[in-house]
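Chemist: In full-length UniProt numbering, the protein residues as written are 5 to 226. By construction, the Cβ of each residue, glycine as well, lies at the ideal position given by its N, Cα and C atoms.
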Ligand code: SAM
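#1: By DSSP, does residue 146 sit in helix, in strand, or in coil?
#2: Please classify residue 133: does DSSP put it in a helix, a strand, or coil?
#3: Under 8 Å from any heavy atom of ligand 1, does the C-beta of residue 116 make it?
#4: Looking at the strands, I want to know which residues DSSP matches up with residue 206.
#5: What three-state label does DSSP hand residue 71 in the structure shown?
#6: In this structure, does DSSP put residue 25 in helix, strand or coil?
#7: Would you say residue 188 and residue 201 are within 9 Å of each other, going by their C-beta atoms?
#8: Can the beta-carbon of residue 52 be found closer than 9 Å to that of residue 90?
#9: Please indicate yes or no: does the CB of residue 70 lie closer than 8 Å to some heavy atom of ligand 1?
#10: Cβ of residue 218 within 8 Å of any heavy atom in ligand 1?
#11: Using a threshold of 9 Å, state whether the C-beta atoms of residue 126 and residue 152 are closer than that.
#12: Consult DSSP for residue 93 and reduce its assignment to one of helix, strand or coil.
#13: According to DSSP, is residue 115 helix, strand or coil?
#14: How far does the beta strand (DSSP E) with residue 166 in it reach, from first residue to last?
#15: Does the distance from the CB of residue 219 to the CB of residue 148 come in under 9 Å?
#16: Ligand 3 and residue 100: does the residue's C-beta get closer than 8 Å to at least one heavy atom of that ligand?
#17: For a test of your reading of the model: does the CB of residue 122 fall under 8 Å from any non-hydrogen atom of ligand 1? Yes or no.
#18: Can you grab the Cα-Cα spacing for the pair residue 50 / residue 174, in whole Å?
#19: Any heavy atom of ligand 1 within a distance shorter than 8 Å of the CB on residue 94?
#20: With C-beta atoms as the reference, is residue 225 less than 9 Å away from residue 10?
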């Protein structure tokens, strides 16, 4: 359980700066009703992704890990009218719930939900010439984070942003945990980013309703 004060502050910030509207509220409610795990980004984090996409002027966004489309809605709402977002989801049930949530938010013309393991659908995107994406948000199975960053790099351009969620994991990331594939994958991802000359990156720790975690942001330099 998160520290009550962290949740209190998240609620304070969210109520003032990232209040839910009907589409966001319904997206979360229908995801829960359909039995999806409650692991979407927090509202203030969704707003942060939205602002990041706006500041960056992103016209083409790739998301890996859709769940019920909650973060998808925040990101897609930052797109210009002719912008597009492709989101990759392994679980067909999650993808169906997301499609309905995205349609209710009026974003179905701009957003495509692709079902399948991302390591299968990413090569298809490459074959189709779908990139380059201006912003890639990685939030799926953490063990594959190094592969997802490599794919994000392949599908981006100089200046693209890559954001990876859940990279702190209660602080456990700082020490090797060979028995925990999510930590191992995240640490391998950090090492890959660190030695990749085409990426300039940092990571921030966060606390809130989702506990103690953090995100990594990388800019593609070349
Ligand atoms: N980004 C979502 C949000 O904030 O609203 C939350 C995504 S949730 C943390 C992770 C999602 O990744 C789950 O829906 C899970 O089914 C999906 N996932 C897991 N393994 C995957 C894979 N190999 N390829 C694509 N998606 C995968």
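Modeler: To lay it out plainly:
#1: Looking up residue 146 in the chain shown gives position 142. In the structure shown, residue 146 sits in a helix (DSSP, three-state: H, G or I).
#2: Taking the chain shown and counting its residues from 1, one reaches residue 133 at position 129. Coil.
#3: As a working mapping, residue 116 is identified with position 112 in the chain shown. With a threshold of 8 Å, the Cβ atom of residue 116 does not count as near ligand 1, since no heavy atom of the ligand is closer than that.
#4: Here residue 206 refers to the residue found at position 202 of the chain shown. Under DSSP, residue 206 shares a beta bridge with 221.
#5: Indexing the chain shown from 1 puts residue 71 at position 67. Of the three classes helix, strand and coil, the one that applies to residue 71 here is coil, per DSSP.
#6: The residue given as residue 25 occupies position 21 in the chain shown. Three-state DSSP puts residue 25 in coil, outside helix and strand.
#7: The residue labelled residue 188 in the question sits at position 184 within the chain shown. The residue labelled residue 201 in the question sits at position 197 within the chain shown. Contact: no.
#8: Translated into the one-based positions of the chain shown, residue 52 becomes position 48. Translated into the one-based positions of the chain shown, residue 90 becomes position 86. A distance of 9 Å or more separates the beta carbons of residue 52 and residue 90.
#9: Indexing the chain shown from 1 puts residue 70 at position 66. Yes, ligand 1 has a heavy atom inside 8 Å of this Cβ.
#10: Here residue 218 corresponds to residue number 214 of the chain shown, with the count starting at 1. No, the Cβ of residue 218 stays beyond 8 Å of every heavy atom of ligand 1.
#11: On the chain shown, residue 126 is found 122 positions in, with the first residue counted as 1. On the chain shown, residue 152 is found 148 positions in, with the first residue counted as 1. Their beta carbons are under 9 Å apart, which means residue 126 touches residue 152 by this criterion.
#12: Working through the chain shown from its first residue, we reach residue 93 at position 89. Three-state DSSP puts residue 93 in a strand.
#13: Within the chain shown, residue 115 is the residue found at index 111, counting from 1. In this structure, residue 115 counts as strand in the three-state DSSP scheme.
#14: Counted from its first residue, the chain shown places residue 166 at position 162. First-last of the beta strand (DSSP E) with residue 166: 165-169.
#15: Working through the chain shown from its first residue, we reach residue 219 at position 215. Working through the chain shown from its first residue, we reach residue 148 at position 144. Not in contact: residue 219 and residue 148 (Cβ atoms no closer than 9 Å).
#16: Only ligand 1 can be found as ligands here, which leaves ligand 3 out of the picture.
#17: As a first step, residue 122 must be located in the chain shown, where it is residue number 118. Ligand 1 has a heavy atom closer than 8 Å to the beta-carbon of residue 122.
#18: For the purposes of this step, residue 50 is taken as the residue at position 46 of the chain shown. For the purposes of this step, residue 174 is taken as the residue at position 170 of the chain shown. Straight-line spacing of the CA atoms in residue 50 and residue 174 works out to 20 Å.
#19: By one-based count along the chain shown, residue 94 stands at place 90. Within the cutoff, so yes.
#20: Stepping through the chain shown from its first residue, residue 225 is reached at position 221. Stepping through the chain shown from its first residue, residue 10 is reached at position 6. No. Outside cutoff.
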